[in-house]
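Chains as they are written, first to last, in the numbering used here: chain S, 165 to 280; chain F, 3 to 111.
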Amino acid sequence: GAVVSQHPSWVICKSGTSVKIECRSLDFQATTMFWYRQFPKQSLMLMATSNEGSKATYEQGVEKDKFLINHASLTLSTLTVTSAHPEDSSFYICSARRSGGQETQYFGPGTRLLVL
Amino acid sequence: AQRVTQPEKLLSVFKGAPVELKCNYSYSGSPELFWYVQYSRQRLQLLLRHISRESIKGFTADLNKGETSFHLKKPFAQEEDSAMYYCALQSGGSYIPTFGRGTSLIVHP
Numbered sequence: 165g166a167v168v169s170q171h172p173s174w175v176i177c178k179s180g181t182s183v184k185i186e187c188r189s190l191d192f193q194a195t196t197m198f199w200y201r202q203f204p205k206q207s208l209m210l211m212a213t214s215n216e217g218s219k220a221t222y223e224q225g226v227e228k229d230k231f232l233i234n235h236a237s238l239t240l241s242t243l244t245v246t247s248a249h250p251e252d253s254s255f256y257i258c259s260a261r262r263s264g265g266q267e268t269q270y271f272g273p274g275t276r277l278l279v280l
Numbered sequence: 003a004q005r006v007t008q009p010e011k012l013l014s015v016f017k018g019a020p021v022e023l024k025c026n027y028s029y030s031g032s033p034e035l036f037w038y039v040q041y042s043r044q045r046l047q048l049l050l051r052h053i054s055r056e057s058i059k060g061f062t063a064d065l066n067k068g069e070t071s072f073h074l075k076k077p078f079a080q081e082e083d084s085a086m087y088y089c090a091l092q093s094g095g096s097y098i099p100t101f102g103r104g105t106s107l108i109v110h111p
């Protein structure tokens, strides 16, 4: 199978601190990884597309300086929420597309962020 | 612009009843359509895609280009089908899906 992990699974932090979330493809190489945000009872909102070795492409309305994305290797992408505020509290989900042209994405289990 | 509409937030049925989760899309080209499912406390996973034309866990979905729909159907719902279901569209050549808002399916015993 194709497994994507996220770490941590949940995090509570104080307002003003930065939080890093890792997304790893465990048994395949992922040229492209995606970061989503999901609000309660709502759909997934794509935040950015992350390509290995290049800058991430952010969706309209997503602050790139607020949500830093690094895709340093074919198996790891990180999302850093800088100077987090309570409104950043959400469920963050990553997904990875297997290198080689597969159309489908494999999703991580998500990270619950609560900013106090 | 592409859009996916799932008109029902919640669908509640009894075990053994037929189920149809609606999905309509708007896209000017040839879309690729998917259904994803998220069971309670589990990650989002692909259920089926239109190009495969297969039945997964008893679910089928047919792409109707005339009606721009991709409804998900199952003749006899089971309790374990209770989950969130998301319809998604990918435009040709893109690997980035656009998701609908999701429909919560609850199957009562």
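Using N, Cα and C, we set each Cβ at its ideal position, and we do this for glycine too.
The model shown is predicted, which means the values in this text are computed figures rather than measured ones.
Selection from S:L232, S:Q206, S:T195 that minimises the alpha carbon distance to N215 (chain S):
If you number the first sequence from 1, residue 215 (chain S) lands on position 51. Checked all of S:L232, S:Q206, S:T195; the closest Cα to N215 (chain S) is S:T195.
What's the gap between the Cα of P77 (chain F) and the Cα of L210 (chain S)?
Here residue 77 (chain F) is taken as the residue at index 75 of the second sequence, counted from 1. Here residue 210 (chain S) is taken as the residue at index 46 of the first sequence, counted from 1. Their Cα atoms are separated by approximately 33 angstroms.
Span of the beta strand (DSSP E) around I108 (chain F):
Translated into the one-based positions of the second sequence, residue 108 (chain F) becomes position 106. 105-110 is the span of the beta strand (DSSP E), which, as asked, contains I108 (chain F).
Examine chain S for any beta-carbon lying closer than 8 angstroms to the beta-carbon of G31 (chain F), and answer yes or no.
Translated into positions along the second sequence, residue 31 (chain F) becomes position 29. With 8 angstroms as the cut-off, G31 (chain F) does not count as an interface residue toward chain S.
To the nearest whole angstrom, what separates the beta carbons of L48 (chain F) and F36 (chain F), a pair I think is in contact under 8 angstroms?
Residue mapping note: residue 48 (chain F) aligns to position 46 of the second sequence, counting from 1. Residue mapping note: residue 36 (chain F) aligns to position 34 of the second sequence, counting from 1. Contact flag correct, Cβ pair sits at about 6 angstroms.
Are any of the Cβ atoms in chain S nearer than 8 angstroms to that of L50 (chain F)?
On the second sequence, residue 50 (chain F) is found 48 positions in, with the first residue counted as 1. Not an interface residue.
Just the Cα atoms here: how many angstroms apart are S218 (chain S) and V226 (chain S)?
Within the first sequence, numbered from 1, the residue matching residue 218 (chain S) stands at position 54. Within the first sequence, numbered from 1, the residue matching residue 226 (chain S) stands at position 62. So the two alpha carbons sit approximately 18 angstroms from each other.
Does the Cβ of D64 (chain F) have 16 or more other Cβ atoms within 10 Å, making it buried, or fewer, making it exposed?
Position 62 of the second sequence, counted from the first residue, corresponds to residue 64 (chain F). Counting Cβ neighbours within 10 Å, D64 (chain F) comes out exposed, since fewer than 16 surround it.
Go ahead and pull the three-state DSSP assignment for E34 (chain F).
Position 32 of the second sequence, counting from 1, holds the residue named residue 34 (chain F). Strand at E34 (chain F).
Distance, V168 (chain S) Cα to Q269 (chain S) Cα:
One-based indexing of the first sequence puts residue 269 (chain S) at position 105. One-based indexing of the first sequence puts residue 168 (chain S) at position 4. Spanning the two alpha carbons is a distance of roughly 10 angstroms.
Would you kindly report the start and end of the unbroken beta strand (DSSP E) that includes T213 (chain S)?
Here residue 213 (chain S) refers to the residue found at position 49 when the first sequence is read from its first residue. Where T213 (chain S) is concerned, the enclosing beta strand (DSSP E) stretches over 208-215.
Kindly indicate which residue of F:S30, F:Q80, F:L107, F:I98 has the alpha-carbon position closest to the one of G18 (chain F).
Translated into the one-based positions of the second sequence, residue 18 (chain F) becomes position 16. Comparing Cα-Cα distances from G18 (chain F) to each of F:S30, F:Q80, F:L107, F:I98, the minimum goes to F:Q80.
4 or more residues per run - each alpha helix (DSSP H) lying fully within the stretch 219-273 of chain S:
none
If you follow the beta strand (DSSP E) that N66 (chain F) is in, where does it begin and where does it stop?
As a first step, residue 66 (chain F) must be located in the second sequence, where it is residue number 64. From DSSP, N66 (chain F) is part of no beta strand (DSSP E); its letter is neither H nor E.
Assuming the contact rule is C-beta atoms closer than 8 angstroms, L243 (chain S) and I257 (chain S) should be a hit. Round their C-beta distance to whole Å, please.
Taking the first residue of the first sequence as 1, we reach residue 243 (chain S) at position 79. Taking the first residue of the first sequence as 1, we reach residue 257 (chain S) at position 93. L243 (chain S) to I257 (chain S), Cβ: 10 angstroms. No contact.
Run of the beta strand (DSSP E) containing V6 (chain F), from where it starts to where it stops
In the second sequence, the residue the question calls residue 6 (chain F) occupies position 4. Its beta strand (DSSP E) spans residues 5-7.
Kindly say whether Q193 (chain S), judged by its beta-carbon, lies nearer than 8 angstroms to any beta-carbon of chain F.
As a position in the first sequence, residue 193 (chain S) is number 29, starting the count at 1. Answer no: the Cβ-Cβ gap between Q193 (chain S) and chain F never drops below 8 angstroms.
As assigned by DSSP and simplified to three states, the class of E186 (chain S):
For the purposes of this step, residue 186 (chain S) is identified with residue 22 of the first sequence, where counting begins at 1. Of the three classes helix, strand and coil, the one that applies to E186 (chain S) here is strand, per DSSP.
Of all the CB atoms in chain S, is at least one closer than 8 angstroms to the CB of I98 (chain F)?
Here the question's residue 98 (chain F) lines up with position 96 in the second sequence. Taking Cβ atoms only, chain S reaches closer than 8 angstroms to I98 (chain F), which makes this a yes.
Please name the residue or residues paired with T275 (chain S) in a DSSP beta bridge.
Reading the first sequence from its first residue, position 111 is the one you call residue 275 (chain S). Bridge partners of T275 (chain S): S:Y256.
Counting only the same chain and skipping the five closest in sequence on each side, list residues whose C-beta sits under 8 angstroms from that of I108 (chain F).
Here residue 108 (chain F) corresponds to residue number 106 of the second sequence, with the count starting at 1. The answer, listed in chain order, is L12, L13, S14, V15, S84.
Within chain S, the residues that F101 (chain F) reaches when beta carbons sit closer than 9 angstroms
Counted from its first residue, the second sequence places residue 101 (chain F) at position 99. Within 9 angstroms Cβ-Cβ: Y200, S207, L208, M209, L210.
Would you decide whether Y41 (chain F) is buried or exposed? Buried here means 16 or more other CB atoms lie within 10 Å of its CB.
To locate residue 41 (chain F), count along the second sequence from 1; it is residue 39. Counting Cβ neighbours within 10 Å, Y41 (chain F) comes out exposed, since fewer than 16 surround it.
Starting from A194 (chain S), trace the beta strand (DSSP E) both ways and give me its first and last residue.
By one-based count along the first sequence, residue 194 (chain S) stands at place 30. Per DSSP, A194 (chain S) belongs to the beta strand (DSSP E) from 194-202.
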